[in-house]
Amino acid sequence: MFRLIRPLNSPMTTPIVTRFAPSPTGHLHIGGARTALFCWAYARRIWAEGGEGRFLLRIEDTDQARSSEDAARGILEDLAWLGIAWDDGPEFGGEGVACGGDSRGVGPFHQSQRRAIYDAQFARLIEAGLAYPAFDTPEELATRRKAAEKEKRSFIYRQPNDFDLAAALDRAKIEPHVLRFKMRAEPITVRDEVLGEVTFPYEELDDLVIRKADGFPTYHFAVVVDDALMGVTHVLRGQEHLNNTPRHIALQRALGFETPGYAHMPLIFNIDGTKMSKRDKDKAAKKATRDAGIESVSALVGRFDPSRGREHADALSALSDDDLRTWLKDKQRQLGRDQVGAIAAALDLRLPEIDVEDFRASGYLPEVLNNYLALLGWNPGMKNEDGTDLERFDMDFLAGHFSLERIGKSNSKFDRDKLLSFNADTIQHGMNDDGFAAGWLAWAGRFDQELAAWAAADASRWAFAASAAKPRARTLADARGAIAFALVADDGFSYDDKSVKKHLLKGEPRGIDVLPDLQAALGLVGDWTPGSLEAAIADFAESQGLGMGQVAQPLRVALTGAAVSPPLGLSLAIIGRDATLARLDRCVAFGHEAS
RNA sequence: GGCCCCAUCGUCUAGCCAGGUCCAGGACACCAGGUUUUCAUCCUGGUAACGCGGGUUCGAAUCCCGCUGGGGUCACCA
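So for the first sequence, this note's numbering puts the first residue at 2; every next one is plus one.
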């Protein structure tokens with residue numbers, strides 16, 4: 002246990018520090034979010050035990066070609082939105098939180114700003130004879146790798162026997178080169194909190210590159226130096242890093258650093274077993290476009306509702322028909338994020354969510370995402386009072402109960418159905434109407450401008466819309482569906498055939514014949530609120546000697562075009578008095594034509 | 001292919017470390033009923049798993065070995 006290494010109850014001990022270290026090459030991947038969540042939870046858990054735990058965020062931007070400041074900012078936002086706040090790291094304010102800072106003086110937290118630190122460590126290694134320049138070209142190395150593959154063995158780079166360090170150092174002054182670490186001839190055992198002890202033979206550990214030709218450290222070097230200098234005591238990361246760990250340990254030993262505790266977590270895959278990749282979205286869009294038989298940009302643009310989709314059309318404007326055809330043919334080729342989004346909108350396609358931002362746009366709640374993510378690879382192992390397993394919990398619970406020993410060893414598949422079920426349950430049963438109304442509105446402001454505009458046009462109806470949508474919404478995005486009837490013009494919807502036949506033209510009396518009197522009754526309602534309206538409709542049914550169904554269903558058809566809507570009082574309140582009466586007029590006229 | 005990791009219902013998992021109370025429990029999904037003016041909820045019930053083969057033991061989902069299967073990794077990416 003870690004506690005043996007660093008007693009928590011001893012005063013003035015250095016804190017337990019976990020870190021999340023994304024490379025800013027895109028949005029925060031859902032798998033990365035889980036890693037961050039576990040790191041956060043572990044640090045928080047330390048407090049519950051009376052120690053000091055800190056969660057540190059570091060930006061690994063040593064890949065000059067692929068890193069961007071925008072991406073870094075986006076990742077910070079995603080983490081903040083999830084409520085995964087970091088103690089040490091880039092300062093950030095937004096999403097209702099403020100986090101980051103450098104109270105321990107271990108920054109900066111962008112690796113690109115730590116060149117001098119790495120250089121000093123490189124010098125130590127060279128001086129100790131543990132690092133040496135290498136001049137092999139990428140082509141040479143590729144050739145040797147291929148040869149190794151042919152002989153069915155691992156390719157291992159070793160310093161040549163006749164290597165002359167002094168000469169190489171001289172040559173390095175004028176020739177491009179990389180710096181390699183001289184691996185000691187011994188096996189290395191990783192003590193992992195999840196997997197136990199894993200030993201790697203020396204024969205599998207080669208002299209890895211620690212400084213690239215551009216002078217930047219490689220990931221392996223930077224991570225070891227930064228973790229040590231930032232006081233990181235526990236490294237929680239994905240299992241894909243297990244094979245890197247012995248190299249990191251070798252580096253730590255050479256540099257005289259302590260080896261932190263390690264916990265390698267199982268990986269997350271799609272339900273079909275494939276990797277959850279950003280490419281999934283592109284793939285889905287490509288397949289849908291092909292299936293729809295679309296071969297031109299104009300065919301796509303033509304599918305947008307003219308009143309909406311302006312932004313999407315703009316996103317596609319940069320795309321030529323040739324581009325589109327090339328993309329369709331070439332499996333490897335990918336379109337931009339906005340373009341893929343536009344195509345999905347045109348084809349009414351739901352793209353698979355991969356990044357945290359995707360889930361946010363789809364209307365998932367951050368606390369639900371955290372809850373579901375925590376269950377992927379970890380389990381509290383506790384029961385509810387009714388004997389069912391405890392699996393619904395919040396961040397406070399995680400902060401109080403998370404433990405490394407309950408992290409599973411096997412990979413898991415991301416089950417969107419279960420996440421959706423959790424999300425729906427939280428919206429429908431875990432939020433009050435006001436909270437939902439506010440959250441939904443904030444979401445719409447960012448992801449559904451049209452809905453936000455509708456809300457702003459008459460603020461008084463938003464509360465009704467929210468209380469109608471909440472019990473029917475599985476996500477904030479599909480909440481719109483429950484009140485979509487109110488978003489269209491009074492003459493902007495058509496009547497569903499089946500509903501018309503069943504509820505307007507059949508029965509005794511026929512629905513269509515009930516509506517005029519009902520309209521008159523509604524016209525007399527002074528207080529246009531759900532309660533009064535509901536009562537007025539019930540009174541009307543009773544006075545006419547009709548069952549509720551004989552009144553309610555024709556009315557629904559008249560107001561929405563079909564027989565499905567939220568409770569009538571709410572529906573009418575959302576639609577409004579004028580529109581309600583107008584829609585009844587239109588329906589009666591339509592009904593007479595149809596009969 | 002080399003090296004490394006893993007293996008309970010379709011999926012996430014509890015149970016495994018301290019073998020019997022497990023002909024394996026929960027959740028999601030699915031199926032069948034029921035409540036409800038529609039929809040959505042909600043309630044009840046059901047189908048469904050210890051990968052295979054050897055050991056150890058009175059007894060194995062639980063311990064050991066092999067096989068099979070899945071995954072990771074083999075970059076001047078992180």
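Cβ atoms here follow ideal geometry from the backbone N, Cα and C, with glycine treated the same way.
Exposed or buried, what is residue i when buried is set at 16 or more other beta-carbons lying within 10 Å of its beta-carbon?
| i | result |
| --- | --- |
| histidine 430 | exposed |
| phenylalanine 164 | exposed |
| threonine 275 | exposed |
| threonine 14 | exposed |
| phenylalanine 415 | buried |
| aspartate 89 | buried |
| phenylalanine 136 | exposed |
| serine 544 | exposed |
| methionine 277 | buried |
| glutamine 333 | exposed |
| glutamine 114 | exposed |
| glycine 197 | exposed |
| glutamine 65 | exposed |
| threonine 36 | buried |
| arginine 481 | buried |
| glycine 382 | exposed |
| serine 500 | buried |
| threonine 200 | exposed |
| serine 363 | buried |
| lysine 282 | buried |
| alanine 143 | exposed |
| asparagine 424 | buried |
| asparagine 628 | Residue 628 is absent from the model: the chain starts at 2 and stops at 596. |
Using three-state DSSP, classify residue i as helix, strand or coil.
| i | result |
| --- | --- |
| methionine 266 | strand |
| lysine 151 | helix |
| serine 113 | helix |
| phenylalanine 494 | coil |
| glycine 27 | coil |
| arginine 587 | helix |
| proline 218 | strand |
| tyrosine 365 | coil |
| arginine 334 | coil |
| alanine 58 | The sequence given here places leucine at residue 58; alanine does not occur at that position. DSSP places leucine 58 in strand when its eight states are reduced to three. |
| lysine 419 | helix |
| lysine 213 | coil |
| valine 565 | coil |
| glutamate 92 | strand |
| leucine 479 | Note that residue 479 is aspartate in the sequence shown here, rather than leucine. Of the three classes helix, strand and coil, the one that applies to aspartate 479 here is coil, per DSSP. |
| histidine 98 | Reading the sequence as shown, one finds valine at residue 98 and not histidine. Correct three-state label for valine 98: strand. |
| threonine 19 | strand |
| alanine 132 | strand |
| lysine 414 | strand |
| aspartate 395 | coil |
| isoleucine 344 | helix |
| arginine 4 | Note that arginine 4 scores 33 on pLDDT, short of 50, meaning its location in the model is unreliable; the coordinates nonetheless yield the value given after this. In this structure, arginine 4 counts as helix in the three-state DSSP scheme. |
| tryptophan 87 | coil |
| isoleucine 408 | strand |
Relative to the alpha-carbon of residue i, which residue among the options has its alpha-carbon at the smallest distance?
| i | options | result |
| --- | --- | --- |
| histidine 265 | Asp193, Thr290, Lys279 and Lys330 | Asp193 |
| glutamate 259 | Lys153, Met277 and Val233 | Val233 |
| tryptophan 328 | Ala316, Arg145 and Val341 | Val341 |
| aspartate 71 | Gly27, Arg475 and Glu543 | Gly27 |
| glutamine 450 | Leu488, Ser278, Glu354 and Asp434 | Leu488 |
| glycine 577 | Gln554, Gly97, Leu523 and Arg20 | Leu523 |
| valine 1 | Gly262, Glu205, Phe201 and Asp207 | Residue 1 falls outside the range modelled here, since the chain spans only 2 to 596, and no answer is possible. |
| phenylalanine 394 | Arg20, Tyr43 and Phe403 | Phe403 |
| valine 210 | Tyr203, Glu392, Phe182 and Ala229 | Phe182 |
| serine 461 | Leu317, Ala124 and Ala574 | Ala574 |
| leucine 80 | Asp62, Ala99 and Thr63 | Ala99 |
| arginine 511 | Ile428, Gln554 and Leu534 | Gln554 |
| leucine 534 | Arg447, Gln551, Leu571 and Leu547 | Leu571 |
| isoleucine 513 | Glu594, Leu452, Asn433 and Asp459 | Glu594 |
| proline 218 | Leu252, Glu241 and His242 | Leu252 |
Below 8 Å on the Cβ atoms is my contact criterion, and I expect residue i with residue j to pass it. Report the Cβ-Cβ distance as a whole number of Å.
| i | j | result |
| --- | --- | --- |
| alanine 132 | leucine 126 | 4 Å |
| isoleucine 269 | serine 413 | 6 Å |
| glutamate 392 | leucine 366 | Incorrect: roughly 16 Å between the Cβ atoms, too far for contact. |
| alanine 590 | aspartate 497 | About 17 Å separates the two Cβ atoms, so there is no contact after all. |
Q. Hey, which unbroken runs of the alpha helix (DSSP H) at 4 residues or more fall wholly within the region 277 to 324?
A. 280 to 292, 298 to 302 and 311 to 318
Q | Secondary structure, alpha helix (DSSP H): runs of 4+ residues fully inside the region 149 to 207 | A | 166 to 173
(Q) To test your reading of the DSSP string, which unbroken alpha helix (DSSP H) runs of 4 or more residues are found completely within the region 500 to 529? (A) 512 to 524
**Q.** Within the region 220 to 247, ranges of the beta strand (DSSP E) (whole runs, at least 3 residues)
**A.** 235 to 239
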